[in-house]
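Let me begin by presenting the structure, written as structure tokens, before commenting on it.
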Amino acid sequence: MIANGEILQLCNRGSHQIAKIAVKKNGIYEMVNVELTGPEYETMCNGTMPANERGEIVARALTMNV
């Protein structure tokens, strides 16, 4: 089961690093792309990102209008 705010995938597209996050809107999950900085992407990939920073990235996705 997918959870609201779950980080589904990390993508590195050259100069753009993106986190794909599940966001539930009107009972349907949508995948929202959140652009990451280089340091955010690196710490998220290697598992050293603090929980509060990870929460801030998820909050960005949840507050975006899609």
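Here the sequence shown is numbered in my numbering, starting from -5 and rising by one per residue. Using N, Cα and C, we set each Cβ at its ideal position, and we do this for glycine too.
In this structure, does DSSP put Glu0 in helix, strand or coil? Assignment of Glu0 by DSSP, reduced to helix, strand and coil, places it in the coil class.
When DSSP labels each residue in this structure, what does Met25 get in the three-state scheme? Correct three-state label for Met25: strand.
Suppose you measure from the CA of Val52 to the CA of Leu30; what does that come to, to the nearest Å? Just so you know, the alpha carbons of Val52 and Leu30 end up roughly 11 Å apart.
Is it buried or exposed for Ile15, if we count other Cβ within 10 angstroms and need 16 for buried? When all chains shown are included, Ile15 counts as buried.
Out of Leu2, Val28, Pro44, point me to the one whose CA is closest to Ala55's CA. Measuring from the Cα of Ala55, the nearest candidate turns out to be Val28.
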